[in-house]
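I have placed the structure first, in the form of structure tokens, so that the comments after it can refer back to it.
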Amino acid sequence: MFYSRIVQNRFVLACLFLILLYILISFGGTFLLPHHPNAQSLTEANRGPSFAHWLGTDYLGRDLLARILAGVRVSLIIAFFATLINISVGFLVGSAAGLIGGVVDRFLTGLIDLFWCVPPFLVVVMLTVVLEPGLKNIFIALGAVFWVPTARIIRGEAYQLRNAPFIRLARLQGAGYSRIILLHILPGCFPVLLTTAIFSIPDAILAEAFLSIVGLGVTAPDASLGVLISDGLQSFRVYPWQWFFPVLTLTMFVLCFNLLGDMIHRSFRDRTKGILEYD
Amino acid sequence: MLTYILKRAGFNLGVMVVVVTLTFFLMRLLPGDPFMSQRLNPEIKENLYAKYGLDQPVSKQYLDYLAALARFDLGESLKYPGRTVNEIIAESFPVSAAVGFLALVLALVLGVALGVLAGVWQSRWPDRLILACSTLGLSIPNFALGAGLVYVFALKLKILPVAMLERPVDLVLPVLTLAAWPAAVITRLIRTEMIEVLKKDYIIAAMVRGLGPASVVLRHALPNALPAVIHYSGPLAATLLTGSFIVEKIFALPGLGQYYITSIGNRDYNLVAGITIFYTFVLLISTFLTDLLAFSMNPQCRYRNES
Amino acid sequence: MTKVEGLSISIKKKNRTYSLVRDVCFKIEQGQILGIVGESGSGKSLITSAILGMLNHLEGLEGSVEVSGRNILKASPQELRSLRRDLIGYIPQNPRESLTPTLKVGSQLVEVIAAKTGRNGRECRPVAGELLQSLGFSAPEKILQMYPHQLSGGMCQRVAIAMAVVSRPALVVADEPTSSLDLLIKHEIMKVIRSIQAKQGFALILVTHDLDLAFSSSDQIAVVYGGRLVEMGTAEELMLRPGHPYTRDLVRCFTRSGAENCGSYYIPGEPLSIYTRFTGCRYFNRCRLRLEICETKEPACVRLDNGRVACWLF
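Protein chains in written order, with this note's numbering: chain X, 1 to 279; chain V, 280 to 586; chain F, 587 to 900.
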């Protein structure tokens, strides 16, 4: 029911469309483009947008458009897996803590609080440095930090749900915890999880961009949006387009996801409105 | 109250110990060592190791470190010989803190003001405009914003200066860059809380009793919407005060953030550990203070039920 | 005098109009108590909200609510504020929830007194103390320094009553003032309200689903069902000679329950949802005395000796 409302909103459709477009092009489009993202050509270095290179080239003569698309792909992969780790670990820890209670709860909550106090930035940086640099380890590091707020939220929900009649009934009937978690709590937490996931993707992309700028991101010659922006920063006073286009892409991407998340969040909330309330 | 403070202090201490330990051992797990960038003769390297106690077994190093920590001695920097970590932090923290503090104040003032306006005029044009701006603020990463501002204001329009920390006006751009994202978050937070509070019985009752809208919003509604923001500003203050690497890099500010990142790259064990500990300390203190603030603002916590 | 004429409230959803309240009319003289009785969802809360001016922004609002000659529904926001200050008092359903938790009781009371009487804060402090004393508080100074959560429900309600009557209003609207209070406190509060009414002489609208309270306190009673005023008359009349089938059923439940706690309705069935399109009398599906015409046409209001009834039986 509320899905139809989401889809009816044109704004949201536009965002969804854009995101899908990005995904499609970045994953499939590289075959269509004439230039390979890593193909260097020093004679063509630092050219502005032209017919041959739609968005220009970078300092090694690599086509910027191709690089950006490849970068989007990498950023998306990282964001997707980081989000996956985020919601799965966060949900499991949170629901276990909230539902089971007692010693388990105290322990897990203590763990959550501990992670909450340690500066997340620190953990990510440490992990990325300790684990070998590489795609996989970046999203592991990000996931290792992102799950904490999620777990907190989910624990809150689970804690409220644990006294609900239908949960108690299930327990009385002898259902095991894992069953209850999967069948009862998960559907109840679905709105929260969905919103968290949708907002976590842009957060992950931004975090990864930050890591790249700091120098801990993906290794060359692969590029993520962060790497491109970082490179662009070096020379943006002279060749602004090298910075501008990756930044534009990143911002639009993040913006789309944020707007999408917003709409979804509002439509979930709207389900419980009264007759006479404002929109 | 006292028990709460004690329990909190104990917990914080525990966290600090964990953080110290983690940092200590993680750093030593990293490939490379502090002197890898310099081509050194093996003998000299041995001497250096001995000087900094790096030739001892790790567990002894750890215990020595803890002992020094108890004296608030964070050791010497391995990369900047002759300078202690304490000195470096004492030099660079004020820079970060100045920018961070201004950004914090700006973000709070702007965020609360806009959030209240958006909440009061919900669904009408001020709300939509403010929401749009805040979504933009959330989506533009500070490295983009910073560089963009520099490009527009400093290079093209030549209004505001780029770097160098000489005059107060130099701080305008970095503070703006730093404050944008938190301001957006705070705006949304307050807006959500205000919308919830404005539906409550006591607000409706206040309106029906003939109280003016300004008084109702500011005296009755706002104090009830603030707690969420206060809790958020604890970690926020810590993050802002200890400096953002990107902002410092773009605006060439000699702040704590820059030192932090470079010292990781340099494998400067002591400096990394020192700054980490300092940062955790700031985080714990600011969270603690803001929690106390929220606690004291809530009459239900201050006065036990006497009916 | 308070006069409500033709009050109708409707909302539009997806291009269809749903009627929530239809053509409500009544009059109350000063010093009288009108009890508005009905089950949840009958529209009585909406009627109260409309009278208090809370629905003025709604498109589907029609009719007029006149208090001392001024129409509430047509007032601009500034006029509305001054009307609320001078002419209307409000006693809420949930007294503790109706006081701002972060402000001291004294501070809130002084603010309301200052707003309603136009004097400044400092002058109003002693007034607040006196007011509380007249409401039965033995140590007003202490109460003024407390926060709402420190007071009991009955105390909060008395503070709310103080806020309502300080400006000697023409009309006081009490929206289920005792429903969240204990049994003993209920009687006390009603006593307090009635004694102040005797002194000040305002008209009182008492909205409640508690029949005991309504019948024992009110001069006139208006029975609301499905958004319509289905019957109105003196409490005695309605008790002894109820006209409308719904009233009859209500009185039957009430008198039958008698010694037990009143308030549980044994009328079978459920009220029609507002979304149901039905042109006849809205009590049709539960009425034991229904006629054929009741299904197709909604009955008009018929004047009796001492009241009104909207039913085809008359």
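Backbone N, C-alpha and C fix where the C-beta goes; we use that ideal spot for every residue, glycine too. Every value quoted in this text rests on a predicted model; they were computed, and no experiment measured them.
Counted within 10 angstroms of its Cβ, other Cβ atoms place residue i as buried (16 or more) or exposed
i	result
V/Trp-404	exposed
V/Asp-343	exposed
V/Cys-580	exposed
X/Asn-163	exposed
F/Asp-768	exposed
V/Ile-465	buried
V/Ala-531	exposed
F/Gly-592	exposed
V/Glu-325	exposed
V/Thr-518	buried
Beta-bridge pairing of residue i - partner residues as DSSP gives them
i	result
F/Ala-789	F/Leu-757
V/Thr-286	Checking the displayed sequence, the identity of residue 286 of chain V turns out to be Lys instead of Thr. According to DSSP, V/Lys-286 bridges with nothing at all.
F/Leu-815	F/Val-810
F/Ser-650	F/Glu-591
F/Asn-657	F/Glu-652
F/Arg-894	F/Met-818 and F/Arg-889
F/Ile-597	F/Tyr-604
F/Glu-762	None; F/Glu-762 has no bridge partner.
F/Thr-794	F/Val-623
V/Thr-363	V/Glu-355
Close Cβ partners of residue i (< 7 Å) along its chain, the five nearest in sequence each way excluded
i	result
F/Arg-711	Val-696
X/Gly-316	This structure leaves residue 316 of chain X out entirely; chain X is present only between 1 and 279.
F/Leu-717	Ala-748 and Val-752
V/Ile-474	Gly-398 and Gln-401
X/Trp-54	Leu-65
F/Val-607	Leu-593, Ser-594, Ile-595, Gly-629, Leu-632, Ile-633 and Gly-813
Same chain, Cβ closer than 8 Å to residue i, five either side skipped, listed in chain order
i	result
F/Thr-703	Cys-710, Val-713, Val-752 and Ser-753
X/Ile-100	Tyr-177
F/Asn-847	Note that F/Asn-847 scores 46 on pLDDT, short of 50, meaning its location in the model is unreliable and no value can be drawn from it.
X/Thr-195	Gly-261, Ile-264, His-265 and Phe-268
F/Val-778	Leu-721, Gly-722, Arg-744 and Ile-747
V/Val-294	Thr-559 and Leu-563
V/Leu-572	Ile-509
V/Leu-292	none
Limits of the unbroken beta strand (DSSP E) element including residue i
i	result
V/Gln-401	Neither: V/Gln-401 is in no beta strand (DSSP E) and is coded neither H nor E.
V/Ile-525	Careful: V/Ile-525 lies outside any beta strand (DSSP E), inside the alpha helix (DSSP H) at 524-529.
F/Ser-605	602-614
F/Tyr-676	674-677
F/Leu-620	619-623
Neighbourhood of residue i by C-beta distance below 6 Å, restricted to the same chain and skipping five residues each side
i	result
V/Ala-458	Ala-382, Leu-385 and Ala-386
F/Leu-875	Pro-831
V/Ala-493	none
X/Ala-207	Leu-142
F/Asn-657	Ser-650
F/Ala-821	Phe-801, Ser-804 and Ile-807
X/Trp-116	Val-148
F/Cys-867	Cys-880, Glu-884 and Pro-885
Boundaries of the alpha helix (DSSP H) in which residue i is found, first to last residue
i	result
V/Thr-566	548-576
F/Gln-806	Taken as a continuous stretch (DSSP letters only), F/Gln-806 belongs to no alpha helix (DSSP H), being part of the beta strand (DSSP E) at 806-811.
V/Val-476	451-477
X/Ile-167	165-172
X/Ile-154	135-161
F/Arg-711	707-720
X/Phe-27	10-28
F/Ser-859	Run containing F/Ser-859: none; DSSP gives neither H nor E here.
F/Pro-694	Here residue 694 of chain F is Gln; the residue named in the question, Pro, does not match the sequence. That run of the alpha helix (DSSP H) goes 691-703.
X/Ser-88	64-100
F/Leu-869	Note on identity: in this sequence residue 869 of chain F is Tyr, with Leu being the wrong assignment. Element bounds for F/Tyr-869: n/a, residue is neither H nor E.
Residue i beta carbon near the ligand MN (any heavy atom closer than 6 Å)
i	result
F/Gly-704	Ligands displayed in this structure: none; no statement on the ligand MN is therefore possible.
_Chain-ordered residues of the region 820-843 of chain F with a beta carbon less than 8 Å from chain V_ = Within the region 820-843 of chain F, no residue places its CB atom closer than 8 Å to a CB of chain V.
- request: Using a Cβ-Cβ cut-off of less than 8 Å, give me the residues of the region 624-638 of chain F that come near chain V, in sequence order.
  value: Cβ proximity to chain V below 8 Å picks out Leu-638 from the region 624-638 of chain F.
(Q) Under 9 Å, CB to CB, which of the residues in the region 381-412 of chain V have a partner in chain F? (A) Answer in chain order: no residues at all.
Query raised in the report: Between the region 659-685 of chain F and chain V, which residues of the former have CB atoms less than 7 Å from a CB of the latter, in chain order?
Result: Taking 7 Å as the Cβ-Cβ cut-off against chain V, the residues of the region 659-685 of chain F that qualify are Arg-667, Arg-670, Arg-671, Tyr-676, Pro-678, Asn-680, Glu-683, Ser-684 and Leu-685.
At a CB distance below 7 Å, what residues from the region 550-561 of chain V approach chain X? Give them in sequence order. The region 550-561 of chain V vs chain X, Cβ under 7 Å: Thr-555, Tyr-558 and Thr-559.
Of all the residues that make up the region 691-707 of chain F, which are near chain V by a beta-carbon distance shorter than 9 Å?
Taken in chain order, the members of the region 691-707 of chain F whose beta-carbon sits within less than 9 Å of a beta-carbon on chain V are Ser-693, Gln-694, Glu-697, Val-698, Ala-701 and Lys-702.
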